[in-house]
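Under this note's numbering, the first residue of the sequence shown is numbered 42, with each subsequent residue one higher. The beta-carbon is built from N, C-alpha and C at its ideal position, and this holds for glycine as well. What follows is a set of notes on a single structure, which appears directly below.
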Amino acid sequence: MAFNADHIKWFRDSSPYIDAHRSRTFVVCLPDCALESNNLNNIVSDIALLNSLGVKLVLVYGADQKVERALPGRWETAGSRRITTPEILETITSVLGNVTSDLIARFSASSPEAPLLRRDITTASGNYLRAKPLGVIDGLDHLQSGEVRRVNSNAITHQLEGGAIVLIPAIGYSPSGETFHLDTAAVASHVSRALIADKLIYMIEDEGLRDTRGQIINEIDLSHMERGQIEGNDEPDRLITLCDQACQRQVSRCHIISFETDGALLEELFTRDGCGTQIIGHSYEQIRTANIDDVPGILRLVEPLEASGVLVRRSRELLESEIEQFIVIERDGLLIGCAALYPFDKIGELACVVTHPDYRNSDRGDRLLDTIDSRARQAGIEQLFVLTTQSVDWFLEHGFKECDVAELPDEKRDFYNYQRNSRVLIRQVQ
Ligand SMILES: CC(C)(COP(=O)(O)OP(=O)(O)OC[C@H]1O[C@@H](n2cnc3c(N)ncnc32)[C@H](O)[C@@H]1OP(=O)(O)O)[C@@H](O)C(=O)NCCC(=O)NCCS
């Protein structure tokens, strides 16, 4: 068998994301042009792959172009809103019914490109959206055009817990039994908010949002962005507004990616840089006390440093038994930093201070040290010492002074490894 180093590296690099995405809820919005794209089968098979990796998926879709083709020139708009007559609504429900049934058929087909996906994929659709009429705007009755009033998140969650992919066409029902056509992108944002989803993913024709020089924007931080930096008509602005609304309701991340590019969904979700535009609404990085579920993430961080001799090797069992001594930096479900504090009465050992190489030089080491300082203060510890072979300067720059092995607490001194010859540094707790 040919040895493909790139594939193996890619698979290894993506394994932290597989862990991070398991049991998370993603809402994916497919515009109707995506449903007509030649890439649709690949998108369906990537969604099926995510489902088999334990991701909970909701697909929101519309069929506006198909309806327009069925009724040329008859579906009028006022500004950005459509005016849906009862006759047009009949066509919409029939077209969306066909699209739903087509999607179910695609998820049911076993794909020759994905021979490992042999298990049955279950889909669920139903009356998950309560709608209300848009009503009369600027003197114009929008008839059967509506907006979301409520999302039945319990019913959706129930289906997701059972492993189904939930299919939600952009159509809603009022308590009086009326049916309303809804805006697809707005429905996706509503659903993500109601579920407090982990991700809201919009698929568009382009590879992502572009800046005024035409370059794809990799990441937009909503707390710092200026709208004028983004190229295009009102559509990018509208998507950003919908993402913003989702982020304000604790949806962790939004992504805008291409439906035309084969594998865009997987590249965005399983690589560090992604391929589209990622939108962050609030700080998604936190420093916190570690728990037992963090053991695999900490091992992934420290193992390369243990292998190169920078850190002393710790077994999984030892790490599990000492886990409450650790703090971690978590970013979007991934652990990118850690440190530990071992108390010896009034003196404490600072150990295993690590920032993932991709995230260094942004004060994370500094923040880990601050957090350890505050934990030490709370525990009545007055001094911190550290043993290091390769980061002496970093600690010197953070106020540590070199000292002799003899100054270590007895238990530590007795086990000092003279062969390893670590330098010992000490500092008052700040
Ligand atoms: C030491 C370490 C935690 C710093 O992480 P970090 O998140 O980059 O830290 P900060 O962003 O707060 O500090 C970055 C600054 O320290 C400097 N720095 C980083 N590692 C250094 C090292 N080993 N020696 C000297 N300086 C270092 C950087 O050049 C940068 O300086 P600058 O701001 O002047 O450019 C990280 O390099 C690491 O994980 N090292 C391997 C593990 C290790 O040796 N741990 C210590 C023993 S427990």
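Check: Opposing strand residues paired with I189 [DSSP bridges]; Outcome: The question names Ile, but residue 189 is Val in the sequence shown. Bridge partners of V189: A172.
Check: Cβ separation of F436 and L466, assumed to be a contact under 8 Å, to the nearest whole Å; Outcome: 5 Å
Check: Delimiting residues of the alpha helix (DSSP H) encompassing T125; Outcome: T125 -> no alpha helix (DSSP H), and no H or E assigned at all.
Check: Collapsed DSSP secondary structure at Y243 in the structure displayed; Outcome: strand
Check: Residues near D314 by beta carbon distance below 8 Å, same chain, minus five either side; Outcome: N259
Check: Cβ shell of D252 (< 8 Å), same chain only, five flanking positions each side left out; Outcome: I258, Q270, I271, E272
Check: Euclidean distance between Cα positions of T164 and Q419; Outcome: 51 Å
Check: Local conformation of I237 per DSSP, three classes; Outcome: coil
Check: Residues that H222 bridges to, as DSSP identifies them; Outcome: S186, I212
Check: Alpha carbon of P156 to alpha carbon of G180, nearest angstrom; Outcome: Only weak support is given to the placement of P156: the predicted model assigns it a pLDDT of 45, under 50, and the question is left unresolved by the model.
Check: Beta-bridge partners of T472, as assigned by DSSP; Outcome: Residue 472 cannot be examined here, being either before or after the span of the chain that is shown, 42 to 471.
Check: G338 beta carbon near ligand 1 (any heavy atom closer than 7 Å); Outcome: no
Check: Cβ neighbour criterion (16 or more within 10 Å) applied to S233; Outcome: buried
Check: Pairwise C-alpha distance: S432 and I145; Outcome: 56 Å
Check: Heavy atom of ligand 1 within 7 Å of S432 beta-carbon; Outcome: yes
Check: Inter-stretch contact (C-beta, 8 Å, three-pair minimum) for the stretch 348-357 and the stretch 293-300; Outcome: no
Check: Integer Cβ distance of L112 from T132, believed to fall under 8 Å; Outcome: 6 Å
Check: Residues near I333 by beta carbon distance below 8 Å, same chain, minus five either side; Outcome: E361, I364
Check: Euclidean distance between Cα positions of R461 and I368; Outcome: 25 Å
Check: DSSP three-state assignment for G138, whether helix, strand or coil; Outcome: helix
Check: Any non-hydrogen atom of ligand 1 closer than 7 Å to D404 Cβ; Outcome: yes
Check: Counted within 10 angstroms of its Cβ, other Cβ atoms place R329 as buried (16 or more) or exposed; Outcome: exposed
Check: Range covered by the beta strand (DSSP E) that runs through H296; Outcome: 294-299
Check: Backbone secondary structure at R251 - three-state DSSP; Outcome: strand
Check: Cβ-heavy atom distance, W51 to ligand 1, below 7 Å; Outcome: no
Check: Proximity to I245 [Cα-Cα], best of Q366, V192, S142, L76; Outcome: L76
Check: Distance cut-off 7 Å: R401 Cβ against heavy atoms of ligand 1; Outcome: yes
Check: Residues bridged to K442 [DSSP beta-bridge criterion]; Outcome: I467
Check: Burial state of N79, where buried means 16 or more other Cβ atoms lie within 10 Å; Outcome: exposed
Check: Per DSSP, the bridge partner or partners of L391; Outcome: L382
Check: Chain-order list of residues whose beta-carbon lies under 7 Å from that of S397 (same chain, five-residue window excluded); Outcome: Note on residue identity: the sequence assigns His, not Ser, to residue 397. So the qualifying residues of the chain are L342, I377, G378.
Check: Alpha-carbon spacing of E188 relative to A305, whole angstroms; Outcome: 30 Å
Check: Beta-bridge pairing of D262 - partner residues as DSSP gives them; Outcome: I321
Check: C-alpha gap between D411 and L236, whole angstroms; Outcome: 35 Å
Check: Segment contact flag, the stretch 189-202 with the stretch 165-177, C-beta cutoff 8 Å, min 3 pairs; Outcome: yes
Check: Top-ranked residue by Cα proximity to G213, from A205, H222, D73, R405; Outcome: H222
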